[in-house]
Amino acid sequence: MKLSTIHYSLCTIFISLFSVCFTAAATEDWKEVKSEHFIVGYIEDENFAEEVSHRAEQYYSKIASDLGYSRYDNFWTWENRARIYIYRTREEYLGATGAKEWSYGFASYGAKTIVSYAHSEKFLNTLLPHELTHLIFRDFVGFKGEVPVWLDEGVAQWEEEDKRKAAIEAIKELVAKKDIIPLPRLMQMDVGEVSDSEVSFKFYVEAVTIVGFLIKQHGESKFTLFCRQLRDGDTINAALSSVYSDSIRNAGELEKEWLKYYGG
Ligand SMILES: [Zn+2]
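Written out as structure tokens, the structure is:
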């Protein structure tokens, strides 16, 4: 089964468009639904805004707990709440934000804001958990440490649970064909700069299955610790060897174990 490559390029491309969107949002007649960690802005469709608010809170708890972040439970409350803006229609959203024709939403890390339009099922099921994970993960690891793009994208996709099965099938196929991007190269890649859709497809499949391998094979608490070590300034190799010292002491051993896990 092929994963959609179009979706994958979404989040990196649209981050930069946020300032356009925010200006447009501020001039409209926006109402708000407030919950513990979110303020959902909407113009007309209160029901959809309520649904977004409800789903966002559910995802928030799950993602924070998966990342071992729940102990800092007040990190998105009151004036620090994240904002989600919902336009009335797809046309209005596209017109106000200047987003590309095929986009159904995007996020801004810096402003902790996500933007979409009413009745977008893809937004609720796919983009919302993906982008929320990016925002929470970045809050957790910050911007100073050596956190590679594959890890960021791997974690965000891991939280789109519907994607996991397709990603596992895809990596098994790539492993069987010996057609993977070698890990040393993956470590250095910024997928936002990749224009070849086959390469970006492999990038995303590899990213999520490395995260899947680490979590499923070695447990969530070690994975949280691994991310924390990176946040605190460890290199990838130092973080791997301090957390997974019994089996994975560097990126080379990670590659070997990960491929073995998926049939290599
Ligand atoms: Zn992403």
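Each number in the numbering used here corresponds to the 1-based position in the sequence shown with 1 added.
Note that beta-carbon positions come from the ideal geometry of N, C-alpha and C, so glycine has one too.
Starting from R229, trace the beta strand (DSSP E) both ways and give me its first and last residue. Unbroken run through R229 is the alpha helix (DSSP H), 221-232; no beta strand (DSSP E).
Helix, strand or coil, according to DSSP, for K203 in the structure here? Helix at K203.
In this structure, does DSSP put V150 in helix, strand or coil? helix
Check whether V209 and A168 have beta carbons under 8 angstroms apart: V209 is a Cβ neighbour of A168, given a cutoff of 8 angstroms.
F39 versus E221: straight-line alpha-carbon distance, rounded: Between F39 and E221, the C-alpha separation is close to 26 angstroms.
Under a Cβ-count criterion, where at least 16 other Cβ atoms within 10 Å of its own Cβ denotes burial, should W103 be classed as buried or exposed? Burial call: exposed.
According to DSSP, is A100 helix, strand or coil? coil
Going by beta carbon distance, what residues of the same chain come within less than 7 angstroms of E51, once the five residues before and after it are set aside? V34
Tell me whether P130 is buried or exposed, calling it buried when 16 or more other Cβ atoms sit within 10 Å of its Cβ. buried
Give me the Cβ distance between I181 and K203, rounded to the nearest whole Å; I'm assuming they're in contact under 8 angstroms. 7 angstroms
How big is the Cα-Cα spacing for G193 and Y205? Straight-line Cα distance between these residues: approximately 11 angstroms.
Using beta-carbon positions only, say whether E93 and Y118 come within less than 8 angstroms of one another. yes
Residues near V212 in its chain [Cβ-Cβ closer than 6 angstroms; skip 5 each side]: G155, V156, W159
For D153, does the count of other Cβ atoms within 10 angstroms reach 16, so buried, or fall short, so exposed? buried
C-alpha gap between D233 and T90, whole angstroms: Taking the straight line joining both Cα atoms gives about 43 angstroms.
Let me confirm a value: T127 is counted as buried when at least 16 other C-beta atoms fall within 10 Å, else exposed. Which label applies? T127 comes out buried.
Can the beta-carbon of I44 be found less than 8 angstroms from the beta-carbon of D67? no
Below 8 angstroms between beta carbons: does that hold for Y88 and A97? yes
What residues in its chain sit with their C-beta under 6 angstroms from that of I172, if we drop five residues either side in the sequence? V206, T210, Y263
Taking 8 angstroms as the cut-off, decide whether the C-beta atoms of Q230 and S246 are in contact. no
Excluding sequence positions up to five away, which residues of its chain have a Cβ less than 8 angstroms from the Cβ of E258? F214, Q218, S248, I249
May I ask which residues mark the beginning and end of the alpha helix (DSSP H) holding Y61? That run of the alpha helix (DSSP H) goes 47-67.
Looking at ligand 1, does it come within less than 7 angstroms of H219, judged from the CB to the closest heavy atom? no
8 angstroms CB neighbourhood of F49 in its chain, flanking five on each side removed: Y43, I87, A119, H120
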